[in-house]
Amino acid sequence: MYVALTSDSSGGGTLRPVEGQARRVDDLAAAVRELEPRRPRWVWADARQVYPALLAAGVRVARCHDLTLTEALLLAHEGRYGEPRSAEAAHARLHGLPVPEDGDEPTARQDTLFEPERAELGADALAEILADQLARIEALPDPGRFRLLVAAESAGTLIAAEMGHDGMPWRRDVHEELLAELLGPRPVHGMRPAKLQALADQVSAAFGHPVNPDSVQQLVKAFKSAGVALKTTRSSELKQVDHPAVAPLLAYKELARLYSFHGWVWADQWVREGRFRAEYVVGGVVSGRWATSGGGALQIPKVMRKVVVADEGWALIVADAAQLEPRVLAAMAGDRGLATAAGEIDLYSALAKAFGGERDNAKIAMLSAMYGGTSGDAPKLLAVMRERFPRAYRFVEDAAKAGEEGKLVRSWLGRTSPPPSQRWKDLVSGPDGARAARDRGRFTRNFVVQATAAEWALALMAVLRGLLPEPARLVFFQHDEVMVHCPLDQAEQVTAAVATAATEATRLLFGATPVRFPMEAVTVSCYADAK
DNA sequence: AACACTCGCGCC
DNA sequence: AAAGGGCGCGAGTGTT
Numbered sequence: 030m031y032v033a034l035t036s037d038s039s040g041g042g043t044l045r046p047v048e049g050q051a052r053r054v055d056d057l058a059a060a061v062r063e064l065e066p067r068r069p070r071w072v073w074a075d076a077r078q079v080y081p082a083l084l085a086a087g088v089r090v091a092r093c094h095d096l097t098l099t100e101a102l103l104l105a106h107e108g109r110y111g112e113p114r115s116a117e118a119a120h121a122r123l124h125g126l127p128v129p130e131d132g133d134e135p136t137a138r139q140d141t142l143f144e145p146e147r148a149e150l151g152a153d154a155l156a157e158i159l160a161d162q163l164a165r166i167e168a169l170p171d172p173g174r175f176r177l178l179v180a181a182e183s184a185g186t187l188i189a190a191e192m193g194h195d196g197m198p199w200r201r202d203v204h205e206e207l208l209a210e211l212l213g214p215r216p217v218h219g220m221r222p223a224k225l226q227a228l229a230d231q232v233s234a235a236f237g238h239p240v241n242p243d244s245v246q247q248l249v250k251a252f253k254s255a256g257v258a259l260k261t262t263r264s265s266e267l268k269q270v271d272h273p274a275v276a277p278l279l280a281y282k283e284l285a286r287l288y289s290f291h292g293w294v295w296a297d298q299w300v301r302e303g304r305f306r307a308e309y310v311v312g313g314v315v316s317g318r319w320a321t322s323g324g325g326a327l328q329i330p331k332v333m334r335k336v337v338v339a340d341e342g343w344a345l346i347v348a349d350a351a352q353l354e355p356r357v358l359a360a361m362a363g364d365r366g367l368a369t370a371a372g373e374i375d376l377y378s379a380l381a382k383a384f385g386g387e388r389d390n391a392k393i394a395m396l397s398a399m400y401g402g403t404s405g406d407a408p409k410l411l412a413v414m415r416e417r418f419p420r421a422y423r424f425v426e427d428a429a430k431a432g433e434e435g436k437l438v439r440s441w442l443g444r445t446s447p448p449p450s451q452r453w454k455d456l457v458s459g460p461d462g463a464r465a466a467r468d469r470g471r472f473t474r475n476f477v478v479q480a481t482a483a484e485w486a487l488a489l490m491a492v493l494r495g496l497l498p499e500p501a502r503l504v505f506f507q508h509d510e511v512m513v514h515c516p517l518d519q520a521e522q523v524t525a526a527v528a529t530a531a532t533e534a535t536r537l538l539f540g541a542t543p544v545r546f547p548m549e550a551v552t553v554s555c556y557a558d559a560k
């Protein structure tokens, strides 16, 4: 049962069972709570506009259909990438009206003097858009897979909102201790922390004059007059240099990053009541990976993990998929040899024999095949791969070739790569054309694998979410890794749920396949102990 | 003053 | 000869 839903700013809204009449309610959260036991699939324009308020009112839902994300997936598949994806735009297209650009949401327009205020779409309009989308899905070559994609993507919006609502445990006190230990006391505004300033002073002393270690220009100039020609100021390049400024400079760079990315200012902005609440953007990456729009949740440095501590009497269940991308490739390509190796817990060890007995060689070969790498031993190892695992090899080669020719590629469930830009088309027929073509080939080569891996991870989370007992909560997700916060006595049940979810995600995407997707969960009280 | 871009580096 | 995919975010730098 689909039920279209709109909300207004007063906490009310409209509901419309797709097979019924629209009805206005004053208390939307109460109405949703009442209907939820019948497990409707809620249809809304954009979860981010609706679901946070429901969560704040203590209401969670099991299923939804996100019209905006579905529209984006459909448009891309239909070769209409970049057309406005909002529900307003979808509705306007259906009625031959002027199509509003994305970002012109009605609420963002109300203070514009000469622009007439655009009315929010009603539940009837949403039902109409849904019917159109379902029909377009049916017309696709593989509607079943695309329906799974839409369901997984929509479930992702629920999870993202819930994780933003619940937050990841974050001990301010432990964080403060760590910052004090590494950087010194919190500085007054605009000043460098003491330990950072000391390192900056050491850099200047080593050069014999003041140098701002944050300035690439000054560093290159200072090294040049010291007789060292640098192409960049990257750490990896600096490490090759023999000069007394290098050691304090490397230490400075590491701490400066910590200070600006995860220091006191960051904590003031993002940590409240012992929780780090990130803003996830579902489908924010073209490959379908999530992005964040603030808080940098997907880039928490390893050194910060000691700050993530379960509440008293609770545990963190941390699980990551081992070697997800090569397994995805094995399953997609239907390469029997690779799939057999991917039936083992350590795929690379299982492959080692084929690559001269070295596990590392197997790893380089697989990564080069998926990323388009060609340096070092890669060409030699790729030749082995072509010989031993021809279907897997051909699968990524075909994707690369399509990209080089400017064609579209798709993930397993039907997410479509962006088309080449006009700039690329101009470039590819010019003197640097071969390079532009190769660059795009690397992108599409990786896209088919990365996007399918993202789909597997989404499916895993959607299933896991449904298996979690109250009051366990998903609190973190990072591409192929999930974290659940739960009472200690639920740890075993959650661990089992993770394994079940991995198996089920594999079945949902690939049906019967010899490929295994190991998802080992560990129970810890502190994230730092998870690896 | 405000914005856009590059560089560098953290994560996968 | 060499050629590695995807992001976010900050400071510095350049442009308007």
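In the numbering used here, the protein residues as written are 30 to 560.
Built from N, CA and C at the ideal position, the CB exists for glycine as well.
In this text the structure is predicted, and so the values were computed from the model without any measurement.
Assignment of Trp-71 by DSSP, reduced to helix, strand and coil, places it in the strand class. Pairing Trp-293 with Ala-463, the inter-Cα distance amounts to about 47 Å. When secondary structure is reduced to three states using DSSP, Leu-345 falls in the strand class. Burial check for Pro-242: the Cβ neighbour count within 10 Å reaches 16 or more, so the residue is buried. The beta carbons of Ser-316 and Ala-480 sit about 4 Å from each other, so the pair counts as a contact at 8 Å. If you ignore the 5 residues before and after Ser-36, its C-beta comes within less than 6 Å of the C-beta of Gly-42, Leu-57 and Val-79, all in its own chain and listed in chain order. The criterion of a C-beta distance shorter than 8 Å is satisfied by Leu-493 and Val-527. Contact annotation: the segment 153 to 161 does not touch the segment 284 to 304, with fewer than three C-beta pairs closer than 8 Å. Here Asp-230 carries a helix assignment [DSSP, helix/strand/coil].
Secondary structure note for Gly-432: its alpha helix (DSSP H) is the uninterrupted segment 419 to 433.
Cβ neighbours of Asp-75 within its own chain (closer than 6 Å, five residues either side excluded): Thr-97. Between the alpha carbons of Leu-248 and Asp-461 lies a distance of about 32 Å. Remark: C-beta atoms of Trp-441 and Arg-174 approach each other more closely than 8 Å. The residue from Val-523, Ala-541 and Thr-542 with its alpha-carbon nearest to that of Thr-552 is Val-523. Judged by beta-carbon spacing, Val-203 lies within the 8 Å limit of Val-336, meaning their Cβ atoms are closer than that value.
Under the three-state reduction of DSSP, Val-413 is assigned to helix.
Under the rule that a run must span 4 or more residues, the alpha helix (DSSP H) segments found entirely inside the segment 447 to 499 read 451 to 457 and 462 to 496. Straight across, the Cα-Cα distance linking Val-47 with Glu-182 is about 21 Å. Contact between the segment 400 to 411 and the segment 343 to 352 is absent, with fewer than three C-beta pairs closer than 8 Å. Excluding residues up to 5 positions away in sequence, Val-128 and Pro-129 lie with their Cβ nearer than 6 Å to the Cβ of Ala-118 in the same chain. By the 16-neighbour rule on beta-carbons within 10 angstroms, Met-30 is exposed. Proximity to Ala-368 across Glu-107, Glu-157 and Thr-542 peaks at Thr-542, based on C-alpha coordinates.
Segment contact: the segment 416 to 433 against the segment 463 to 477, three or more CB-CB distances shorter than 8 Å; contact assigned.
Secondary structure at Tyr-281: helix, using DSSP grouped into helix, strand and coil.
Rounded to whole angstroms, Glu-499 and Asp-131 show a C-alpha spacing of 38 Å.
DSSP places Arg-165 in the uninterrupted alpha helix (DSSP H) bounded by 152 to 167. Contact annotation: Ala-534 and Leu-489 have beta-carbon atoms nearer than 8 Å. The residues Glu-157, Ile-158 and Asp-161, in chain order, have a CB closer than 8 Å to that of Leu-123 in the same chain once the five nearest residues on each side in sequence are set aside. Ranked by how close their Cα comes to the Cα of Gly-342, the residues Cys-555, Ala-154 and Ala-105 have Cys-555 in first place. For Asp-95, the uninterrupted beta strand (DSSP E) segment begins and ends at 92 to 95. DSSP places Arg-536 within a helical segment (H, G or I) once states are collapsed to three.
By the Cβ-count criterion, Gly-325 is exposed, with fewer than 16 other Cβ atoms from all chains shown falling within 10 Å of its own Cβ.
In this structure, the beta-carbon distance from Ala-184 to Ala-491 falls below 8 Å. Among the bridge pairs identified by DSSP, Met-197 is matched with Phe-305.
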